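J.: Sequential numbering of the sequence shown, starting at 1286, is according to the numbering used here. Cβ atoms here follow ideal geometry from the backbone N, Cα and C, with glycine treated the same way. What you are looking at is a predicted structure, and each value in this text was computed from that prediction instead of being measured. Have a look at this one.
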Amino acid sequence: EDLLNPNKIDFIRRCTKKEDALEILDYLLKRNELNFQDYNALKNRLKEEGGLKKIIAECGGLKTPGYYERKFPRKINILNSDQSKNESLD
């Protein structure tokens, strides 16, 4: 599911700095992809000592470059293949 429709935690799990995670939360709130209650809860957790590391650890670890290719190799190949077919039809 997170391959096609990443959520707030999926985005935060890519961050290595608290400031980046806070910027993502601000962006998601502005786009109405995050409600104010969840925004405040996550923002407060991030501001705690070691908050970003705790959230990332609790939610499955840091998503490093290549995460999706390693986790979903078949799905990505199929999606890329379908996209190539659609582009050739245009």
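In terms of residues, what are the limits of the alpha helix (DSSP H) holding Lys1303?
T.: If you number the sequence shown from 1, residue 1303 lands on position 18. Here the alpha helix (DSSP H) through Lys1303 covers Lys1303 to Lys1315.
J.: Cα separation between Glu1318 and Asn1325?
T.: Locating residue 1318 in the sequence shown gives position 33, where the first residue counts as 1. Locating residue 1325 in the sequence shown gives position 40, where the first residue counts as 1. The alpha-carbon atoms of Glu1318 and Asn1325 are separated by roughly 14 angstroms.
J.: Quick one: what's got a C-beta closer than 6 angstroms to Phe1296's C-beta in the same chain, skipping five residues either side?
T.: Position 11 of the sequence shown, counting from 1, holds the residue named residue 1296. If we look at Phe1296 and ignore the five residues flanking it on each side, its Cβ neighbours are Ile1309.
J.: Using three-state DSSP, classify Phe1296 as helix, strand or coil.
T.: Indexing the sequence shown from 1 puts residue 1296 at position 11. Of the three classes helix, strand and coil, the one that applies to Phe1296 here is helix, per DSSP.
J.: Enumerate, from N- to C-terminal direction, the unbroken beta strand (DSSP E) stretches of 3 or more residues contained entirely within the stretch 1326-1359.
T.: With a minimum length of 3 residues, no continuous beta strand (DSSP E) run stays inside the stretch 1326-1359.
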